[in-house]
Amino acid sequence: MKKQEEHYRAVSWWLTWEDLEWPDEDLVDKIKRRADKAAEAGVNCAIIFGTHFRWDYLPFWSRLHDLLARIREELHKRDILLFDHHSAVLTHRPRNAQDAWAIWKRNRHHVPFYPSRDVAATWTFNGQHLNDWRMLDVETGEPCFLPFYVAEEFCINNPHFQKAYQSYVKRLVEETNIDGLMCDDGIFYPGWRACGCRWCRERFQREYGHILPPTNDHSFWGNRDSEAFKDWIEMRFHSSRDFLGLVKEVLPSDFPLMACCSTSEASNLPSVGMTYQDFIQNTNMIMLEMCGCTPELDGTWDGRISSQLLHLGIARDNSCPCFGLGYGFFPEPAFFIWALNKFLGSETWFSTLKGRLGVPNSMLRELADDPELVKEGFLWEKKHPHLFEGKPDAQTAVFFSRSTRDYYGQIHEDYVRDYQITCSELMQGKIDFEVTTDVPSPKDWAVLVMSSVICLSEDERNRLEEYLHSGGAVIATGPLGLRDERARLLEKKWLEKYGLKIFVDEPQRTPGFPPYKDIKPEIARCKGIFNGRTVQDGEWISIQLGRGRLFWCPSRIGTNAQSLGLADIVRQNEPKKAYRVVKGPEGWYLRTFHAGVRILLHGLPAKVEVEPHPTFRKDYITTTEQIVYKLHYKELSSSVLALEFTRMPRLITVYSPDLEEPRPVELAGVTVEVDLSGIRRYFVVEIISS
Ligand SMILES: [Zn+2]
0 MKKQEEHYRA VSWWLTWEDL EWPDEDLVDK IKRRADKAAE AGVNCAIIFG
50 THFRWDYLPF WSRLHDLLAR IREELHKRDI LLFDHHSAVL THRPRNAQDA
100 WAIWKRNRHH VPFYPSRDVA ATWTFNGQHL NDWRMLDVET GEPCFLPFYV
150 AEEFCINNPH FQKAYQSYVK RLVEETNIDG LMCDDGIFYP GWRACGCRWC
200 RERFQREYGH ILPPTNDHSF WGNRDSEAFK DWIEMRFHSS RDFLGLVKEV
250 LPSDFPLMAC CSTSEASNLP SVGMTYQDFI QNTNMIMLEM CGCTPELDGT
300 WDGRISSQLL HLGIARDNSC PCFGLGYGFF PEPAFFIWAL NKFLGSETWF
350 STLKGRLGVP NSMLRELADD PELVKEGFLW EKKHPHLFEG KPDAQTAVFF
400 SRSTRDYYGQ IHEDYVRDYQ ITCSELMQGK IDFEVTTDVP SPKDWAVLVM
450 SSVICLSEDE RNRLEEYLHS GGAVIATGPL GLRDERARLL EKKWLEKYGL
500 KIFVDEPQRT PGFPPYKDIK PEIARCKGIF NGRTVQDGEW ISIQLGRGRL
550 FWCPSRIGTN AQSLGLADIV RQNEPKKAYR VVKGPEGWYL RTFHAGVRIL
600 LHGLPAKVEV EPHPTFRKDY ITTTEQIVYK LHYKELSSSV LALEFTRMPR
650 LITVYSPDLE EPRPVELAGV TVEVDLSGIR RYFVVEIISS
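Numbering that gives the first Met the number 0 puts the first residue of the sequence shown at 0, with every later residue one more than the last.
Listed below in structure tokens is the structure:
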């Protein structure tokens, strides 16, 4: 079985209609064959995909669980774990033939075993009609409908549904003996339209003392100054967090549990109530779904770095594994997804998503099963586990301000864009960095970057001053600390005592329902006066505070990144390390980890050439998208990486799946030249100091 120190090498275990014939002799053989293939590919964890909307399987549960139990048994014989993965709340409810075809086209991989609507209306569980659990539209009172999934959703605040799902989870674990669970979709999928059910309204009144106003009440909906509306936002996040708490409650202690989550940074998350910052309070594994193609069709992959590093930061703070789920259909992108996860320091979950290709099954059969696609990377990792240990060796952290996003931010440009561009700037400026959601100590990171962090609690402001006084460098742009953690304007400007007054001109915004709809991306303009003098756009000022220094510029990174030179200022303030990359391969990203006396330097191309598949495309509602078929790389030459050390290490070795054998590096002179010739896709340089 997977050893404690081993990383997860996970694949999806797809179920299809054929599997529903269970019990069946041929299926027993099929399970054994697939389990053999998974073992041969170095897989140590399989995650169920298919039979996804589990409530649609209500009449089939015992048969399905018996099938899962058999899969788990065969996988265990081969030292592979089995996690179940399903949607706890969604049900497919096509309203007409067109809807049914839409499910076939985009969501066939769910194995959509839905009942007719009239039959669904009669379904009960423990005397409760399932239809009574549905989320209701706050405006119309009608059940919410999700066009993309052709689905309805049960309300996570409905106590009858909560009890019913708890009893399902208990039964699932008892009947299948699964090793872990990924519980999906317990959020407000319909956004601001959900949820107007009795239970959500009652919770709002019970916990916050408010009656949910009608949607034409513009003093509430979308009003940044309404404390009641902020309570509504808070309740949405608490609802999804608490729902996972109910799941955890019925699982054995320390049972691996995670929830689907493609981002915790996006500006629209208050509308759906989703963030792993809350999920982690009731789960013990982190999930990072990388939607779309990896790499993207333009050959890059760093567009998601802000999101990936936020989830890795939450994982670090909670000592949890973080699964990077990447989708691909062919061996070359599968290898890339594995290498990217290793580069980032996450666990790998590789998955196909054939049901979204919108072509008949007869055409899908020519595509290989998931383990076969990702085999090369997994086997290489299994052979070299010592290369994937350690913690990031970054000296800089980017601060993610959840309160700015939740209570101040209304549109992407208000805050999240600045956070994202900050991460891209540092990445492209070759700065090794992590993301933090809390004010750290300078011992953790010597440099803290804060972009447009307008909301800071009193405690955060105090700890920032402590951080500065004890030697940290804060590099901030745009509005900083003008509002508290609920976006209420501070009466006294925080930085005034240090001679800096920051002002913000807020554009006029019109509240309404749905909130933030039709807001033009016109954002607050920031100005500053430092020691009686106006700070110009693009000008950096700096203030010595104790042993540390605050750098500030009124311009926002989101609109002025090119002229601000953020990466250079960060670099100048990072303390010297025992090693330095003097020269790095052009067009590659490097990331370092330290593990005891070892430094592990990972390298991955920043951009590759993508060859899309000639015929297959991914289907969305109104658009289709090409999928990645092959990747073309440029080979590195011998003299592209040079390292300098304050003390010469004992041993340096280059590892790469592109090399037949690890390559020792000759240690001579002050600067060590590392030969990377023959490497195209990925490498790890292991540096062992004595
Ligand atoms: Zn509700």
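Glycine included, every Cβ here is placed at the ideal spot set by N, Cα and C.
Item to complete: For E371, I'd like the list of residues in its chain whose CB is within less than 7 Å of its CB, leaving aside the five on either flank, ordered along the chain.
Response: Indexing the sequence shown from 1 puts residue 371 at position 372. K36, A40.
Discussion item. Measuring only from the beta carbon, is N185 closer than 8 Å to any heavy atom that is part of ligand 1?
Written reply: As a first step, residue 185 must be located in the sequence shown, where it is residue number 186. As written in the sequence, residue 185 is Gly, which differs from the Asn given in the question. Incorrect: G185 has no Cβ contact closer than 8 Å to ligand 1.
Worksheet item: When you compare only the Cα positions, how much space is there between K31 and W12?
Response: As a working mapping, residue 31 is identified with position 32 in the sequence shown. As a working mapping, residue 12 is identified with position 13 in the sequence shown. If I take the Cα positions, the gap works out to 13 Å.
Practice prompt. Using 8 Å as the cut-off, classify the Cβ of C552 as near or not near the heavy atoms of ligand 1, replying yes or no.
Written response: Residue mapping note: residue 552 aligns to position 553 of the sequence shown, counting from 1. C552 Cβ: outside cutoff for every heavy atom of ligand 1.
Fill in: Near ligand 1: W231 beta-carbon under 8 Å from a heavy atom
Stepping through the sequence shown from its first residue, residue 231 is reached at position 232. W231 Cβ: outside cutoff for every heavy atom of ligand 1.
Item to complete: Leaving aside the five residues before and after N317 along the sequence, list all residues of the same chain whose C-beta is less than 7 Å from its C-beta, in chain order.
Response: Mapped onto the sequence shown, residue 317 falls at position 318. For N317, where only same-chain residues beyond five positions count, the Cβ hits under 7 Å are I279.
Item to complete: Could you have a look at S306 and say whether DSSP puts it in helix, strand or coil?
Response: Reading the sequence shown from its first residue, position 307 is the one you call residue 306. Looking at S306 - three-state DSSP - the assignment turns out to be helix.
Fill in: Cβ shell of L63 (< 7 Å), same chain only, five flanking positions each side left out
As a working note, residue 63 is residue 64 in the sequence shown. Only T50, Y56 meet the Cβ criterion.
Discussion item. For a test of your reading of the model: does the CB of G471 fall under 8 Å from any non-hydrogen atom of ligand 1? Yes or no.
Written reply: As a working note, residue 471 is residue 472 in the sequence shown. No, ligand 1 has no heavy atom inside 8 Å of this Cβ.
Worksheet item: Between L455 and S541, is the Cβ-Cβ spacing less than 9 Å?
Response: Walking along the sequence shown from the start, residue 455 turns up at place 456. Walking along the sequence shown from the start, residue 541 turns up at place 542. No, Cβ-Cβ distance for L455 and S541 is not below 9 Å.
Worksheet item: Where A594 and I177 are concerned, what is the direct C-alpha to C-alpha distance, given to the nearest angstrom?
Response: For the purposes of this step, residue 594 is taken as the residue at position 595 of the sequence shown. For the purposes of this step, residue 177 is taken as the residue at position 178 of the sequence shown. Taking the straight line from one Cα to the other gives about 33 Å.
Item to complete: Return the CA-CA distance between A641 and T670, expressed in angstroms with no decimal places.
Response: Walking along the sequence shown from the start, residue 641 turns up at place 642. Walking along the sequence shown from the start, residue 670 turns up at place 671. Cα to Cα, A641 sits roughly 6 Å from T670.
Fill in: Exposure label - Q307; buried when at least 16 CB within 10 Å
As a first step, residue 307 is located in the sequence shown; it is residue number 308 there, counting from the start. Buried.
Worksheet item: If we cut at 9 Å on Cβ distances, does D136 have a partner in chain D?
Response: This model lacks chain D altogether, as it is built from one protein chain only.
Item to complete: Measure the CB-CB distance between C290 and S238 and report whether it falls below 9 Å.
Response: Against the sequence shown, residue 290 aligns to sequence position 291. Against the sequence shown, residue 238 aligns to sequence position 239. Contact flag unset, no.
Discussion item. Taking the straight line between their C-alpha atoms, what separation do you get for T703 and G668?
Written reply: Limits of the chain in this structure are 0 at one end and 689 at the other, which puts residue 703 out of reach.
Worksheet entry | Nearest candidate by alpha-carbon position, reference C143, set R205, L339, R92 | Indexing the sequence shown from 1 puts residue 143 at position 144. It is R92.
Worksheet item: Using the C-alpha atoms, what's the distance from P439 back to W539?
Response: Translated into the one-based positions of the sequence shown, residue 539 becomes position 540. Translated into the one-based positions of the sequence shown, residue 439 becomes position 440. C-alpha separation (whole angstroms): 23 Å.
Worksheet item: Cβ of E206 within 9 Å of Cβ of G312?
Response: Position 207 of the sequence shown holds residue 206. Position 313 of the sequence shown holds residue 312. No.
Worksheet item: What is the DSSP secondary structure of R133, counted as helix, strand or coil?
Response: As a working note, residue 133 is residue 134 in the sequence shown. It is a strand residue.
Discussion item. Taking 8 Å as the cut-off, is the beta-carbon of W191 closer than that to any non-hydrogen atom of ligand 1?
Written reply: For the purposes of this step, residue 191 is taken as the residue at position 192 of the sequence shown. It does not: the Cβ of W191 is nowhere closer than 8 Å to a heavy atom of ligand 1.
Worksheet item: Which one of Q571, I474, F342, P514 has the shortest CA to CA distance from E380?
Response: Here residue 380 is taken as the residue at index 381 of the sequence shown, counted from 1. Looking at the Cα atoms, F342 is the closest of the given residues.
Worksheet entry | Best match in D28, I102, S86 for proximity to L356 [C-alpha to C-alpha] | Numbered from 1 along the sequence shown, position 357 holds the residue referred to as residue 356. Here the closest residue by C-alpha is I102.
Worksheet item: Quick one: does the C-beta of L135 sit closer than 8 Å to a heavy atom of ligand 1?
Response: Translated into the one-based positions of the sequence shown, residue 135 becomes position 136. Correct: L135 has its Cβ closer than 8 Å to ligand 1.
Worksheet entry | CA-to-CA distance, G547 to Y148, given in whole angstroms | Residue mapping note: residue 148 aligns to position 149 of the sequence shown, counting from 1. Residue mapping note: residue 547 aligns to position 548 of the sequence shown, counting from 1. Approximately 52 Å between the Cα atoms of the pair.
Fill in: Environment of P506 [buried if 16+ CB atoms lie within 10 Å]
Taking the first residue of the sequence shown as position 1, residue 506 is located at position 507. Exposed: under 16 other Cβ atoms inside 10 Å.
Worksheet item: Who does E624 pair with in a DSSP beta bridge?
Response: As a working note, residue 624 is residue 625 in the sequence shown. DSSP, once it has assigned bridges, lists K617 as partnering E624.
Worksheet item: Per DSSP, which one or two residues make a beta bridge with W587?
Response: As a position in the sequence shown, residue 587 is number 588, starting the count at 1. Paired residue(s): P604.
Item to complete: Kindly list the residues whose CB is nearer than 8 Å to the CB of K492, restricted to its own chain and excluding five residues on each side of it in sequence; keep chain order.
Response: In the sequence shown, residue 492 corresponds to position 493, counting from 1. Only L481, K500, I501 meet the Cβ criterion.
Discussion item. Using CA atoms only, rank isn't needed, just tell me which of G477, T274, L256, A367 is closest to G709.
Written reply: For residue 709 there is no data in the structure shown, the boundaries of the chain being 0 and 689.
Discussion item. For ligand 1, I want to know if G140 counts as a neighbour, meaning its beta carbon is within less than 8 Å of at least one of the ligand's heavy atoms.
Written reply: For the purposes of this step, residue 140 is taken as residue 141 along the sequence shown, with counting starting at 1. Checking the Cβ of G140 against ligand 1 gives no.
Discussion item. Quick check: is any heavy atom of ligand 1 less than 8 Å from the C-beta of G272?
Written reply: Residue numbering aside, residue 272 sits at position 273 when the sequence shown is read from its first letter. Not so, every heavy atom of ligand 1 lies at least 8 Å from the Cβ.
Discussion item. Looking only at its chain, what residues have a beta carbon closer than 7 Å to the beta carbon of L363, apart from the 5 residues adjacent to it on each side?
Written reply: Taking the first residue of the sequence shown as 1, we reach residue 363 at position 364. Cβ within range, chain order: K353, L356.
Worksheet item: Quick check: the stretch 177-197 against the stretch 126-146, are there 3 or more CB pairs under 8 Å?
Response: yes
Worksheet item: Along the chain, which unbroken stretches of the beta strand (DSSP E) at least 3 residues long are found entirely within the stretch 407-453?
Response: 432-435, 446-450
Worksheet item: Buried or exposed: L14, going by 16 or more other Cβ atoms within 10 Å of its Cβ?
Response: Here residue 14 corresponds to residue number 15 of the sequence shown, with the count starting at 1. It is buried - the Cβ of L14 has at least 16 other Cβ atoms within 10 Å.
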